[in-house]
Amino acid sequence: MRAGTGAAKEAGMEEHAPKRKKWVVAALLILPVWLLASGGVGIWLHFKHQAEEDKKEVARYATMVSQESLADDLRKLTQTIGERNTRAADGNGLTRAAAWLEGTLGPSNTGYALKRARGPADERWPLLRATLRGSDPKAKPLWVVAAYDSPVGSPGIESGGTAVVAAVAAAQAMAGEKPRRAVHFVFLPHGYESAELAERAAGGLKEWIAGEGEPLAVLCLDAMGAGESLRVSAPAGENPVLENLGKLAVRVPFAPGDRLTDACAAAGLPAVRVAAREPAKTDEKDAGTPSGGRLAGTTGLMVEWLRRVAMQP
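Counting from 1, position 4 in the sequence shown corresponds to residue -14 in the working numbering; the numbering is continuous, with no gaps.
Right, here's the structure in full:
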């Protein structure tokens, strides 16, 4: 009986063995096919997404830098909106300035799909970013930064206003272009009200930058309307962008005092101050309207310099 039972078991094992072998063979055949198919679908989805992004780039509307548009934007920001900080009218000016930036550069106008991050003081006052994608993913991105707030008790014309409208004009002028490296135009809610808020805003900027790879430079825009030439300087003393100035800008010794540049440098970012004059003093009055021609001139120089830096190896 035992011998018979053993023989029966062996017969049963022989019957099931071929079935298991066929299943294994089928799996080995199907798995590579599935991997190839899924990989192909993934590649197709990637290029489809890339094509959609390219369409978005083409849909942007570039505008030339003009004295009239700069003057109009500066008037809206510093007169219609007015003082922009957390202490003035419960921060209403900051809220309106952020809305104006999103409306001006967003899909309904210039065409950028702006990204936003919560500001350090309140979600009503976000960090805003408009990105011009580059053709070379290995090229270090360039960051152009302006603060849209104003000092307490001031409409912030030179200290904030001229830098913001110059950055907006640059983003508009370059909207339809395809530079070698990505260019990120960032607008921070705090740069002039206090050093503490500027440092916290720079910390938020640093988090954004960390997600995009090592930057070539962080260009901190400041007073752009009071001088006739574009002046650049770096707290660290050196930066690759300082080697490509040509006749578009003048390199000057760095002078601390611009809170935005100081905060970015303190955060460990490769900060470069870009302005038309030295930093404003804390007791300096800032209520006069700058020359429209000068503001347009320095802004035009900055745009051409940005184009040059964005294309350099």
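Ideal placement from N, C-alpha and C gives every residue a C-beta, glycine not left out.
Nearest residue (CA-CA) to residue i, options the options
i             : options                           : result
lysine 229    : Asp265, Met284, Ser90 and Gly158  : Met284
valine 291    : Ala249, Ile139 and Met156         : Met156
valine 223    : Leu201, Ala237, Leu212 and Ser211 : Leu201
threonine 62  : Ile139, Glu175, Ala245 and Pro197 : Ile139
alanine 145   : Glu266, Gly275, Ala258 and Phe236 : Ala258
alanine 218   : Met46, Thr60 and Ala247           : Ala247
leucine 96    : Asp55, Arg69 and Val150           : Val150
glycine 275   : Asp268, Glu50 and Thr45           : Glu50
threonine 264 : Gly239, Asp244 and Arg69          : Gly239
glycine 185   : Asn74, Arg289, Thr113 and Gly101  : Gly101
valine 195    : Val214, Lys120 and Glu266         : The identity of residue 195 in the sequence shown is glycine, whereas the question assumes valine. Checking every option, the nearest Cα to that of glycine 195 belongs to Lys120.
For residue j and residue i, the rounded distance between their alpha carbons
i              : j              : result
threonine 280  : glutamate 260  : 14 Å
leucine 52     : alanine 249    : 31 Å
glutamate 65   : leucine 277    : 20 Å
methionine 293 : leucine 109    : 26 Å
alanine -1     : lysine 122     : Only weak support is given to the placement of alanine -1: the predicted model assigns it a pLDDT of 48, under 50, and the value that follows is read from those uncertain coordinates. Distance between the alpha carbons of alanine -1 and lysine 122 is about 59 Å.
alanine 81     : asparagine 221 : 34 Å
serine 273     : serine 48      : 13 Å
glutamate 210  : leucine 227    : 16 Å
Secondary structure of residue i, DSSP reduced to three states
i              : result
threonine 264  : coil
tryptophan 125 : strand
alanine 192    : helix
arginine 115   : coil
alanine 177    : helix
alanine 157    : coil
Rounded Cβ spacing between residue i and residue j (contact assumed at less than 8 Å)
i             : j             : result
asparagine 67 : valine 147    : The pair is not a contact, with the Cβ atoms about 18 Å apart (cut-off 8 Å).
alanine 216   : valine 254    : 5 Å
serine 141    : alanine 262   : 5 Å
glycine 173   : aspartate 118 : Contact doesn't hold; Cβ gap of about 30 Å is too wide.
leucine 198   : arginine 241  : Contact doesn't hold; Cβ gap of about 23 Å is too wide.
leucine 251   : lysine 188    : 6 Å
Review point. Quick check: the segment 168 to 176 against the segment 125 to 134, are there 3 or more CB pairs under 8 Å?
Key: Yes: the two stretches touch, three or more of their Cβ pairs being nearer than 8 Å.
Check your understanding: Are three or more beta carbon pairs between the segment 218 to 237 and the segment 105 to 115 nearer than 8 Å?
Key -> no
Exercise for review: Count the CB pairs spanning the segment 205 to 214 and the segment 80 to 92 that are closer than 8 Å, and state whether there are at least three.
Suggested key: no
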